[in-house]
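Read through the structure below, which is laid out as structure tokens, and then see the notes.
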Amino acid sequence: MLKYWVWLSELPGLGNQARLALLRHFASPEEIYYADAEELELAEGLTKEQGRRVLQNKDLSGANRILGECQRLSQRILTIQDAGYPRRLQNIFDPPCLLYVKGRLPEVDEEVLVAVVGTRSCTPYGIRCAEKLGFGLAAGGGIVVTGLAKGVDAAAARGALRAGGTVIGVTGNGLDVYYPYESRSLYDDVAASGALLSEYPPGTEPEGRHFPVRNRIMSGLSLAALVVEAPVRSGAMITARLALDQGRDLFAVPGPIDAPASVGCIRLMQEGAGPVIDAWDLLREYEHRFPDKLRPAGPMPEMRVQTARRDMDAKPPEVTETLPELPVHSAEGLTDDQISLLAVLEPVNPIQVDDLIQASGIPARRVLSALTILEIDGLVQQHSGKFYTRTVNLAENQE
């Protein structure tokens with residue numbers, strides 16, 4: 359039963375390797391749950407202390423709560439013993455015992471999946487390359503795997519979605535927790551086109567330690583990893599090393615030799631990573647294995663790309679026209695969060711959502727919730743790049 363899988367995955371004090379050791383010895387998590395001390399001692403790779411933790415934690419209420427949340431949020435659980443669990447991922451050194459899934463996971467082992475990774479602090483060059491290559495990979499028959507972080511990850515996902523392709527997003531948080539916080543629409547688009555995956559249950563907030571662990575899933579699902587931009591010390595380079603450890607192919611995008619964001623890519627190419635300037639440079643390596651899946655694709659259509667302003671270090675949109683006098687709106691019926699945000703927002707100079715979070719001191723999820731209601735009620739206006747202005751003056755603020 360799934361409740362025992364969730365119980366096992368959430369046991370405190372047990373790492374993933376200890377859980378895998380238990381699953382190698384016992385037929386199922388249910389058997390682990392009912393095992394006594396003597397049986398647990400026979401599990402190779404499990405310490406006595408870990409065995410005691412199993413015996414001392416038999417409360418299933420947390421597991422039942424998580425299952426209820428999954429049902430409410432339309433998430434399903436894929437365990438390592440399920441037929442639909444990808445063999446590629448199952449065969450890595452440290453496969454997750456279970457995955458939370460939203461959307462439709464394709465037949466991973468029958469497709470060309472490519473993990474596209476890069477720095478969050480990317481350059482406009484990196485954004486352009488990631489979108490172009492994401493588009494080309496999807497149009498050419500591949501599937502883009504991304505961590506959905508801002509920067510290269512998000513740009514590659516947008517490019518693949520523009521091509522009408524399938525995207526798999528692997529997160530370091532619960533699938534109902536949007537990180538970065540301005541990426542809610544991207545999460546929804548990825549779930550609609552393909553699937554969101556996480557080994558963390560609903561409600562899990564993003565923590566720094568989650569993301570290097572998450573990277574092994576991205577590379578484990580894929581045939582290859584493509585590094586678009588990466589300083590020498592970066593999460594993208596961690597993924598590149600994981601990909602090599604897992605026997606995956608490694609590719610990198612050339613960049614300016616004096617650009618810090620390209621140093622990692624240049625070093626990887628010096629060590630043997632294949633250079634990529636077009637998606638077919640990568641896909642042709644798999645054409646003989648997937649002749650019915652892959653084909654060269656045309657260039658990405660020219661259009662104004664709606665990239666996140668912070669990704670391109672752009673300035674907020676300027677409002678040059680004279681705005682009409684704003685209507686007065688009563689504060690009655692507004693929440694404290696909504697009132698605080700309206701006090702920070704200006705009618706002329708758009709403010710980015712991250713700056714709103716910092717200026718208001720309100721947690722990000724509450725800011726996004728309040729902005730959504732304010733926008734629905736017509737009290738704020740959203741501009742491209744998640745910038746906002748207010749469209750009213752509060753009555754008590756009138757001079």
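When we follow the working numbering, the leftmost residue of the sequence shown carries the number 359, and every step to the right adds one. Even glycine gets a Cβ: it sits at the ideal position worked out from N, Cα and C.
Do you know offhand how far residue i's Cα is from residue j's?
i, j, result
"THR481", "GLU587", "8 Å"
"LEU457", "LEU544", "20 Å"
"SER577", "ALA583", "6 Å"
"ILE450", "THR730", "41 Å"
"PHE708", "SER718", "In the sequence under discussion, the amino acid at residue 708 is Pro, which differs from the Phe named in the question. Straight-line Cα distance between these residues: approximately 15 Å."
"GLN628", "GLU643", "19 Å"
"LEU613", "ILE485", "A small correction: the amino acid at residue 613 is Gly; Leu does not occupy that position in the sequence shown. The alpha-carbon atoms of GLY613 and ILE485 are separated by roughly 12 Å."
"TYR760", "ASP713", "Absent from the model: residue 760. The displayed extent of the chain is 359 to 757, so no value can be given."
"LEU652", "ALA496", "10 Å"
"LEU431", "ALA728", "21 Å"
"GLN740", "LEU471", "35 Å"
"LYS508", "TYR392", "44 Å"
"VAL502", "PRO721", "31 Å"
"GLU468", "ALA441", "14 Å"
"GLY630", "ALA610", "10 Å"
"GLU645", "GLU704", "54 Å"
"PRO379", "THR437", "The amino acid occupying residue 379 in the given sequence is Ala; Pro does not appear at that position. Spanning the two alpha carbons is a distance of roughly 15 Å."
"LEU334", "GLU683", "Limits of the chain in this structure are 359 at one end and 757 at the other, which puts residue 334 out of reach."
"LEU581", "CYS455", "21 Å"
"LEU641", "LEU726", "39 Å"
"ARG478", "GLN604", "24 Å"
"CYS428", "TYR443", "18 Å"
"THR504", "ALA473", "6 Å"
"ASN415", "GLU557", "20 Å"
"ALA518", "PRO685", "42 Å"
"GLN375", "PRO387", "14 Å"
"SER742", "ASP417", "47 Å"
"ARG445", "ARG516", "27 Å"
So, with DSSP's three-state summary, where would you put residue i?
i, result
"HIS383", "helix"
"VAL711", "helix"
"ASP534", "coil"
"PRO633", "strand"
"SER556", "strand"
"ALA610", "strand"
"THR749", "coil"
"GLN739", "strand"
"ILE435", "strand"
"GLY622", "helix"
"VAL364", "helix"
"GLY656", "coil"
"VAL528", "strand"
"VAL686", "strand"
"THR815", "The structure shown does not extend to residue 815, since the chain is modelled only from 359 through 757, so no value can be given for it."
Hey, is residue i close to the ligand FAD, as in C-beta under 7 Å from one of its heavy atoms?
i, result
"ILE390", "For the ligand FAD, the structure offers nothing, since it holds no ligand at all."
With a threshold of 8 Å between beta carbons, is residue i in contact with chain B?
i, result
"SER432", "Here chain B cannot be found, since the structure has a single protein chain."
Residues in the same chain with beta-carbon distance under 8 Å from residue i, minus the five sequence neighbours each way, listed in chain order, please.
i, result
"ASP615", "Sequence inspection shows Ile at residue 615; the Asp mentioned does not correspond to that position. The residues are ILE624."
"TRP638", "GLY494, GLY498, PRO654, ALA655"
"LEU700", "LEU692, LEU732, LEU737, VAL738, ARG748, VAL750, LEU752"
"HIS687", "LEU737, VAL750, ASN751, LEU752, ALA753"
"SER355", "In this structure the chain extends from 359 to 757, so residue 355 is not present and cannot be described."
"ARG599", "none"
"VAL702", "ILE709, LEU714, ALA717, SER718"
"ARG377", "LEU366, SER367, LEU369, CYS455"
"ALA689", "ILE697, LEU752, ALA753, GLU754"
Who are the near neighbours of residue i in its chain, counting only those whose CB is closer than 7 Å to its CB and skipping five residues on each side?
i, result
"LEU425", "LEU360, LYS361, VAL364"
"GLN433", "TYR458, VAL459, LYS460, LEU533, PRO560"
"ASN422", "LYS361"
"LEU602", "LEU608"
"PRO618", "PRO589"
"LEU447", "PRO453, ILE575, GLY578, LEU579"
"ILE390", "LEU366, LEU380, PHE384, VAL412"
"GLY593", "PHE569, PRO570, ASN573"
"GLY622", "VAL585, ALA588, PRO589, VAL590, SER592, ALA594, MET595"
"GLN696", "ALA728, ILE731, LEU732"
Please list, in chain order, all residues of the same chain as residue i whose beta carbon is under 6 Å from its beta carbon, the five residues on each side excluded.
i, result
"HIS383", "ALA401"
"GLU540", "VAL711, LYS744"
"TYR537", "ASN531, PRO564"
"PRO633", "PRO612, MET627"
"ARG520", "PHE493"
"ALA513", "ILE485, ALA488, GLU489"
"GLY523", "ALA496"
"THR562", "ASN531, GLY532"
"ASP511", "THR504, GLY505"
"GLY403", "ALA379"
Would you call the stretch 540–555 and the stretch 450–461 touching, i.e. three or more CB-CB distances under 8 Å?
yes
Just list the alpha helix (DSSP H) runs in the stretch 444–502, keeping only unbroken ones of 4 residues or longer that don't cross its boundaries, in chain order.
445–448, 482–497
I'd like the ranges of any beta strand (DSSP E) spanning at least 3 consecutive residues and lying wholly in the stretch 558–596.
582–585, all fully within the stretch 558–596.
Is the stretch 525–534 touching the stretch 382–399, taking contact as three or more C-beta pairs under 8 Å?
no
Decide yes or no for the touch test of the stretch 404–418 against the stretch 371–378: beta carbon pairs closer than 8 Å, at least 3 of them.
Between the stretch 404–418 and the stretch 371–378 there are three or more C-beta pairs closer than 8 Å, enough to call the two in contact.
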